[in-house]
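**Student:**
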Amino acid sequence: MNTGTNLLSSLLHRNCHIPSPLRRDPPKTREAGIRFQAPWGKHHPPSYRNENVASDGGAGVIQDHVLPVVMIKDPLTWMSSMCVHRYGTVLEGGGGGAGAGVCGRLVGEKGGGGGVSVTVPYAKGRVRYDNWIDLWNTWYKDWMEVTSFPRIFVRYEDLIFHAEETIKTVCDCAGGEMKNEEFRYREDSAKGEGGPHKGGNGFVNAVMKYGNETFRDAVLTRAVDRDFFRKNIDYGLMRTFGYADIHED
Numbered sequence: 374m375n376t377g378t379n380l381l382s383s384l385l386h387r388n389c390h391i392p393s394p395l396r397r398d399p400p401k402t403r404e405a406g407i408r409f410q411a412p413w414g415k416h417h418p419p420s421y422r423n424e425n426v427a428s429d430g431g432a433g434v435i436q437d438h439v440l441p442v443v444m445i446k447d448p449l450t451w452m453s454s455m456c457v458h459r460y461g462t463v464l465e466g467g468g469g470g471a472g473a474g475v476c477g478r479l480v481g482e483k484g485g486g487g488g489v490s491v492t493v494p495y496a497k498g499r500v501r502y503d504n505w506i507d508l509w510n511t512w513y514k515d516w517m518e519v520t521s522f523p524r525i526f527v528r529y530e531d532l533i534f535h536a537e538e539t540i541k542t543v544c545d546c547a548g549g550e551m552k553n554e555e556f557r558y559r560e561d562s563a564k565g566e567g568g569p570h571k572g573g574n575g576f577v578n579a580v581m582k583y584g585n586e587t588f589r590d591a592v593l594t595r596a597v598d599r600d601f602f603r604k605n606i607d608y609g610l611m612r613t614f615g616y617a618d619i620h621e622d
């Protein structure tokens, strides 16, 4: 959610060719060998593989034959995006107080060690996480610990600032070949402007936004939230994917 999956799909379809004569998929997919989402659902954890069939494009697909690409985003800017496009997630009381469920806060008005909890809807039910950080940590730890099948990790930031190199690497790894002499970017919002995606970033806006360090620093404005972030973020994941710590107050 809010990690660039739509942009990845759009750029792959525009620039990478992977032949697959036997498959059928919804009209939104232009390249036969590239699916717009994993057949178990792109907004679902790895435990759903071979345990769930996505309603859009998942029927009849041998899931063991699909190589998933896992998008990851800086947890700070990801939290900011989740405050704009919730994808059905619900913030709960957490620390208590009138402002406990305010997006952009990790700790409720009255404090509390667990922070502001968030509930995420999945196909088989809703799952409650202790806070945004717990959701980010758990999601990517689950994918990092997968050993039974291969997967590719792509940082959203590399898709923005090194799009051509990143797409070529993914395309080559998946057995495809680049199909254009000149790389085709996506200038408008890959999410579209309808429904929950209204107000998404186009390519130029995304470069300006995510290239601005001030934007990242301004995501958590309260000292209590910044301290909570430092105490709870998984620094192993942060180091693995090259994300800097939050600046000192």
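For the sequence shown, my numbering assigns the number 374 to the initial residue and increments by one for each residue that follows. Even glycine gets a Cβ: it sits at the ideal position worked out from N, Cα and C.
State the CB to CB distance for the pair T492 and R501, rounded to an integer number of angstroms; the pair is presumed to be in contact (CB under 8 Å).
**Tutor:** Mapped onto the sequence shown, residue 492 falls at position 119. Mapped onto the sequence shown, residue 501 falls at position 128. Correct: roughly 5 Å between the Cβ atoms.
**Student:** Note down the Cα distance separating G548 from V597, rounded to an integer number of angstroms.
**Tutor:** If you number the sequence shown from 1, residue 548 lands on position 175. If you number the sequence shown from 1, residue 597 lands on position 224. C-alpha separation (whole angstroms): 47 Å.
**Student:** Tell me the residue span of the beta strand (DSSP E) that contains I606.
**Tutor:** Against the sequence shown, residue 606 aligns to sequence position 233. That residue, I606, is in no beta strand (DSSP E); it is neither H nor E in DSSP.
**Student:** Mapping DSSP to helix, strand and coil, what is C369?
**Tutor:** Any property of residue 369 remains undetermined from this structure, which presents the chain solely from 374 to 622.
**Student:** I'd like to confirm the pairing. Which residues does DSSP put opposite V443 in its beta bridges?
**Tutor:** Translated into positions along the sequence shown, residue 443 becomes position 70. According to DSSP, V443 bridges with F526.
**Student:** Return the CA-CA distance between M455 and E550, expressed in angstroms with no decimal places.
**Tutor:** Translated into positions along the sequence shown, residue 455 becomes position 82. Translated into positions along the sequence shown, residue 550 becomes position 177. Roughly 34 Å between the two C-alpha positions.
**Student:** Going by Cα to Cα distance, which pick from M374, N375, E404 is closest to S383?
**Tutor:** Residue mapping note: residue 383 aligns to position 10 of the sequence shown, counting from 1. Nearest option by C-alpha distance: E404.
**Student:** Determine the burial state of K497: buried for a count of at least 16 other Cβ atoms within 10 Å of its Cβ, exposed for fewer.
**Tutor:** Looking up residue 497 in the sequence shown gives position 124. Result: exposed.
**Student:** Let's test the definition: count the other Cβ atoms within 10 Å of the Cβ of D515 and tell me whether it reaches 16, buried, or not, exposed.
**Tutor:** As a first step, residue 515 is located in the sequence shown; it is residue number 142 there, counting from the start. The residue in question, D515, is exposed, as its Cβ has fewer than 16 Cβ neighbours within 10 Å.
**Student:** Tell me the DSSP secondary structure of Y513 in three-state form.
**Tutor:** Mapped onto the sequence shown, residue 513 falls at position 140. Y513 falls in the helix class under three-state DSSP.
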